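Contents: one structure, followed by commentary.
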Amino acid sequence: MNFQNIPPVPKSDEIIDKALKRARTNVSLLVQKARKAARKKERKDSSQNIKLQIARQAEMSRISVISDIIASELREINSNFPSFDSLTEFYRELVKATLDYASLKKSLAGMKWGAGKMRDLQRTYQKKVSSAAGIEQLSRIKREFIGRATSVVKQLKDNLAYLAEARKTLRQFPSVKSRLFTVSLYGFPNVGKTTLLSKITASSPEIADYAFTTKTLNIGYALSGNSKIQVIDTPGTLSRPDRMNRIEMQAEIALKHAAHYVVLVFDPTESWPMEQQIQLLKKMKKLGKPFAVYISKTDVSSDDQQERAMEEISRHSNADFITSPEELVTFLFEKEKEFRNHASAS
Numbered sequence: 259m260n261f262q263n264i265p266p267v268p269k270s271d272e273i274i275d276k277a278l279k280r281a282r283t284n285v286s287l288l289v290q291k292a293r294k295a296a297r298k299k300e301r302k303d304s305s306q307n308i309k310l311q312i313a314r315q316a317e318m319s320r321i322s323v324i325s326d327i328i329a330s331e332l333r334e335i336n337s338n339f340p341s342f343d344s345l346t347e348f349y350r351e352l353v354k355a356t357l358d359y360a361s362l363k364k365s366l367a368g369m370k371w372g373a374g375k376m377r378d379l380q381r382t383y384q385k386k387v388s389s390a391a392g393i394e395q396l397s398r399i400k401r402e403f404i405g406r407a408t409s410v411v412k413q414l415k416d417n418l419a420y421l422a423e424a425r426k427t428l429r430q431f432p433s434v435k436s437r438l439f440t441v442s443l444y445g446f447p448n449v450g451k452t453t454l455l456s457k458i459t460a461s462s463p464e465i466a467d468y469a470f471t472t473k474t475l476n477i478g479y480a481l482s483g484n485s486k487i488q489v490i491d492t493p494g495t496l497s498r499p500d501r502m503n504r505i506e507m508q509a510e511i512a513l514k515h516a517a518h519y520v521v522l523v524f525d526p527t528e529s530w531p532m533e534q535q536i537q538l539l540k541k542m543k544k545l546g547k548p549f550a551v552y553i554s555k556t557d558v559s560s561d562d563q564q565e566r567a568m569e570e571i572s573r574h575s576n577a578d579f580i581t582s583p584e585e586l587v588t589f590l591f592e593k594e595k596e597f598r599n600h601a602s603a604s
C-alpha cells in the first residue's frame, strides 16, 4: 500500500471559492450566448419574457455547476483515501495506533453526506427555478441556494481539516507489500541493522549515528532468481506503548503484523548493554514468531565478546546463530521457500 499518493485535502473555503468562481464564469458565458441568439432571431415573445427565460437558464446552470463541483470535490476526497476496512491487519493497526480511527471514519462519512446533500439541494432548487414567476423570485432562489450550498461545505470544515492532518500521517507510513515473504531485522538502534540491510538487499538506507532519526522504517528487497524477500529494519524498544515515538510504534506493529520471520540483530560490542539486548530477545519471543539471531559487528568485536554473546543468548533461546550477511541471505531464502511451499499446500 502506498499512501504517498494521497493528494492534498482542500479547505472548505477553497471548495466554495472554486464552485462559485466556476459558476460565475459559466453563467456569464451562457448569458452572453443567449442574449446574442435572442438578438439575431425574430422573437414573438416580449422582451420581459426573453429576460426571464435567460435568467432561468442562468440559475439552472449556476445550481448545476455549484452542485457538481462541490459534490465532485467531496467524493474525490473520500475516494482518495483507502478503504480502511479492507486494509491488511498491519495497516489497520498502524492507522488505529497513529490516528483517531473514529474521527477518521466520521470525517470520510461526512464527505459522502455532503455529496449526497448537494444532489438533494440541486433537485430541490432546480424545481424552484422552473416554477419561478419572475426575475426577482429567481434572485431570491439564487441567494437561498448559495447560502445552503456553502453551509453544507462549512459544516464539513472540521472534517476536512482532520483529513488534511490524517493525510500527513498516512504519507509517513512505510510501503509494505503484504504478499511478499517479510523478514524483520529486529534490534536496538546502532546494533548494525541498517548496515546489514544494505548488505543483504539492494537498498541504500540512511545510516545514522544516533537513535530514531529516520522518518520511516527502512525497507529493502533481497533477490534470488525469481524469489524476492522484503526486509524491514525494525528498531526495538523496551518502552511501554504509550511511551513509544512514531518510528518505534511502526516498528512494533510491523514486527507483530507484517513479519513472517524475525532476525534478532545482536551486538557483542554492547552498544546497548547485554542485559537490555537479552530483555529485547525475551520480549520478541513472546510474539511466537520464528526467528534466528545474527551476531553483528564481527569485524570489530573480539572472539571473547562474540562467545559471551552467544552463551547469553543460548541461555534463553535455541535459535540458529548467523555471523555473515552471505550466510544470512542463503538462510532466509531457504525460509522463503518453506513459506511458499506452505502457502501452496494450504
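Add 258 to a position in the sequence shown, counting from 1, and you land on the number used in this note's numbering. Backbone N, C-alpha and C define an ideal beta-carbon position, used for all residues, glycine too. In this text the structure is predicted, and so the values were computed from the model without any measurement.
Residue state for Ile399 is assigned as helix, using DSSP reduced to three classes. In the three-state DSSP reduction, Lys486 falls in the strand class (E or B). Counting along the chain, the unbroken alpha helix (DSSP H) around Val353 starts and ends at 347-356. Around the beta carbon of Asp491, 16 or more other beta carbons lie within 10 angstroms, which makes this residue buried. For Gly368, the enclosing alpha helix (DSSP H) covers residues 359-389. Looking at the DSSP output, Pro493 shares a beta bridge with Gly445.
Residue pairing for Ile580: DSSP places it in a beta bridge opposite Tyr552. Counted as a single uninterrupted DSSP element, the alpha helix (DSSP H) harbouring Leu513 occupies residues 504-515. Distance check between Leu443 and each of Ser344, Glu423, Ser433, Val489 places Val489 closest, using alpha-carbon atoms only.
With a threshold of 16 other beta carbon atoms within 10 Å, Ser337 falls short and is exposed. Classified as buried, Asn448 has 16 or more neighbouring CB atoms from the shown chains inside 10 Å of its CB. Boundaries of the beta strand (DSSP E) harbouring Leu522: 519-524, taken from the DSSP string.
Ala480 is bridged by DSSP to Ile487. For Glu569, the uninterrupted alpha helix (DSSP H) segment begins and ends at 561-572.
Residues of the same chain with a CB within less than 6 Å of the CB of Asn260, apart from the 5 flanking positions on each side, are Ser433 in chain order. Two segments are said to touch when three or more pairs of C-beta atoms, one from each, lie closer than 8 Å; by this definition the segment 397-406 touches the segment 315-331.
Under the DSSP assignment, Glu533 falls in the alpha helix (DSSP H) whose first and last residues are 532-543.
Excluding the 5 residues flanking it on each side, Arg377 has same chain C-beta neighbours closer than 8 Å at Ser325, Ala329, in chain order.
In summary, Gln306 is exposed, with fewer than 16 beta-carbon neighbours lying within 10 Å of its beta-carbon over all protein chains present. Burial state of Lys375 is buried, judged by a 10 Å Cβ sphere holding 16 or more other Cβ atoms.
Ile274 is positioned such that its CB atom lies closer than 9 Å to that of Thr408. In this chain, the alpha helix (DSSP H) harbouring Ser305 covers 305-338.
Taking the Cβ atoms as the reference, Ala577 lies roughly 6 Å from Phe549, within the contact range of under 8 Å.
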